[in-house]
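One structure is given here, and the rest of the page talks about it.
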Amino acid sequence: MFRIGVRTAGPVGVALFLVLALAGGFAAQRRLAPPMRPLDAGGLALVVAICLALAFARRRPAWTLAATAVLTAAYAAAFYPYGPVCFATTVAMYQLAIQVPAGRAALACGATFAGLVGASVFAAPGDLGAAAIAWALCLAVPLGVGTTVKLRRAADLAQERLLLAREVHDVVAHGLAAISMQAGAALHVFERQPETARQALAAIRDTSGEALAELRGALNGVRDGAGLAGLPALVERLGRGGMAVRVRSSGAAPPLRRDVDHAAYRIVQESLTNVARHAGAESATVTLAYRPDGVAITVADDGTAVAHLYGHGLAGMRERAASVGGRLEAGPHDDGGFRVHAWLPR
């Protein structure tokens, strides 16, 4: 019912609801008792008007709720038979709840409830309790469901923004770290080895282009493109800046889920970016230990361990690991330097 009225608030949705309302109304009038009366021209006009109001449920939810409530109250006060047409306010209440603040939706629900109960009691004075329960269910349930859906959408949007911010941080931070290293190498040899300096400047050009491409992909919502297959290019970029990175692997590489593969790459990228920016290390080692149920990632350097504690990189890596059901630990290792170890399941 909700899906038809809300998601297809156009000719098809209105037509389907109208057919349902008329069929239910004609069926209900077979068991009428005074003072209820069968559908006549006036009753049919009210049913059609109520259904037509639903065409505006998505664009004008408050207006739609008011219109359906007033028309349904008139329908009830005129002693026409109850039926599916009464659920028009349910559809309108749901649509209002997912679009406006909860407080406003609750006030609208209360006002609508009072008006409809009053109209129902006017038609059947002895049925106050039954009318109150029926209209409470027709209005309170869609209010609660709609509010829940709205909160879930808001939470999903916030999570999406967090993921995008993390992607942008990783891309930009790594790109700038690599460019900084390459620029430093170029300045160091600019006078004595111009050819080497030229190569470093070319590396800066390539790195910036790759970073911009990754950034465009992140902003366009493509966050599963980078994976461990891109590790050689990552190592090469850092190597052109003067940092030696060794990659070791063991075990048969199992097919990883795209989100796990992407998280693994970003964890290695962020770890090496931290090495380049903070640790003052001359070398780093990346170890990938593949197992049937996942992959263990270790990134160790020979720099200054305490320098890794600055910034938000470690927290971001832990969140990435947790997002795919994994875990991450980081801290100084016995041989000096810093070590990041992550386990990501398939």
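So for the sequence shown, the working numbering puts the first residue at 760; every next one is plus one. From the three backbone atoms N, C-alpha and C, an ideal C-beta is built for every residue, glycine too. Please read all numbers here as calculations on a predicted model, not as lab measurements.
Check, Outcome
"For Gly876, the three-state DSSP class (helix, strand or coil)", "A small correction: the amino acid at residue 876 is Val; Gly does not occupy that position in the sequence shown. Val876 falls in the helix class under three-state DSSP."
"Beta strand (DSSP E) segment containing Val994, residue limits", "First-last for Val994: Leu990 to Arg999, but that is the alpha helix (DSSP H), not the beta strand (DSSP E)."
"Where Leu798 falls: helix, strand or coil (DSSP)", "coil"
"Simplified DSSP state of Ala1011, which is helix, strand or coil", "coil"
"Buried versus exposed, by CB contacts within 10 Å (16 or more), Asp1020", "buried"
"Continuous alpha helix (DSSP H) stretch holding Arg1077: start and end", "Gly1072 to Ser1082"
"Sub-8 Å separation of Thr1044 and Ala1059 beta-carbons", "yes"
"Three-state secondary structure (DSSP) of Arg766", "Any reading at Arg766 needs caution, since the residue's pLDDT is 43, under 50, leaving its predicted position unreliable; the model's value is listed next. Three-state result, Arg766: helix."
"Assumed close pair Pro820, Ala851 - CB separation to whole angstroms, cut-off 8 Å", "7 Å"
"Whole runs of the beta strand (DSSP E) within the segment 811 to 893, excluding any shorter than 3 residues", "none"
"For Ser1030: DSSP bridge partner residues", "The partner list for Ser1030 (beta bridge, DSSP) is empty, contrary to what the question assumes."
"Residues sharing a beta bridge with Ser967, DSSP", "Note: Ser967 sits in no beta bridge, so no partner."
"Check whether Thr906 and Ala847 have beta carbons under 8 Å apart", "no"
"For Glu1088: DSSP bridge partner residues", "His1100"
"Exposed unless 16 or more other CB atoms sit within 10 angstroms - verdict on Ser1120", "Here the chain comprises residues numbered 760 to 1105, so residue 1120 is not present and cannot be evaluated."
"Pairwise C-alpha distance: Ile857 and Pro909", "It is Lys, not Pro, that sits at residue 909 in the sequence shown. Near 5 Å, if we compare the C-alpha coordinates of Ile857 and Lys909."
"Beta bridge counterpart(s) of Ala917 as assigned by DSSP", "Its beta-bridge partners do not exist; DSSP assigns none."
"Beta carbon of Leu875 nearer than 8 Å to that of Thr831", "yes"
"Sequence-distant residues of its chain with Cβ nearer than 6 Å to Gly1053 (five each side left out)", "Leu1103, Pro1104 and Arg1105"
"Burial state of Glu1041 (16 or more Cβ within 10 Å)", "exposed"
"Helix, strand or coil at Asp1060 [DSSP, three-state]", "strand"
"Asn1033 CB to nearest heavy atom of the ligand ADP below 7 Å", "Of the ligands one can find in the structure shown there are none, so the ligand ADP has no counterpart to examine."
"Beta-carbon gap between Leu775 and Val806 smaller than 8 Å", "no"
"Within 8 Å, strictly: CB atoms of Arg1079 and Arg1025", "yes"
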